[in-house]
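The numbering of the sequence shown is UniProt numbering, which starts it at 1 and goes up by one. One structure below.
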Amino acid sequence: MVVVTLQRDKCIGCNYCVEMAPSEFQMSKKDGKSVLLHSKEKKGFYTLKSHDDSIFAECLQAQNACPVKIITAKKL
């Protein structure tokens, strides 16, 4: 299982996560911040839990590329 978390309120809209993992992230047209697709929000953190391990490499690249370090990707 892969768990990806995004702390959206701290997003600066750089678009790196979308470039690294376009199947999991996209930019909001409303506020220009990143959106973690199919995630659930709780206290400002957006979390995606997926049984598809193939997304881990992309999400890890997004985590490493994020200049404000608001993305975490873990493999459980």
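Yeah, the Cβ is synthetic: ideal placement off N, Cα and C, and Gly gets one too. Small disclaimer: the values here were computed from a predicted structure and weren't measured.
Next on the checklist: Rounded to whole angstroms, what is the Cα-Cα separation between K75 and F56?
Outcome noted: For this step, residue 75 is matched to residue 75 along the sequence shown. For this step, residue 56 is matched to residue 56 along the sequence shown. Cα to Cα, the separation comes out at about 7 Å.
Item to check | Which listed residue (S23, M20, E24 and V35) has its alpha carbon closest to that of I12 | outcome: Position 12 of the sequence shown, counting from 1, holds the residue named residue 12. When only C-alpha atoms are compared, the closest one is V35.
Checklist entry - Exposed or buried, what is S54 when buried is set at 16 or more other beta-carbons lying within 10 Å of its beta-carbon? => result Counting from one through the sequence shown, the residue named residue 54 turns up at place 54. Its Cβ having fewer than 16 others within 10 Å, S54 is exposed.
Item to check | Range covered by the beta strand (DSSP E) that runs through V68 | outcome: Along the sequence shown, one-based indexing puts residue 68 at 68. From DSSP, V68 is part of no beta strand (DSSP E); its letter is neither H nor E.
Next on the checklist: Measuring straight from C-alpha to C-alpha, what distance separates L37 and K10?
Outcome noted: By one-based count along the sequence shown, residue 37 stands at place 37. By one-based count along the sequence shown, residue 10 stands at place 10. Looking at the two C-alpha atoms, the distance is approximately 17 Å.
Item to check | Assigned exposure category for M1 - 16 Cβ within 10 Å defines buried | outcome: Against the sequence shown, residue 1 aligns to sequence position 1. Answer is exposed; the Cβ neighbour count stays below 16.
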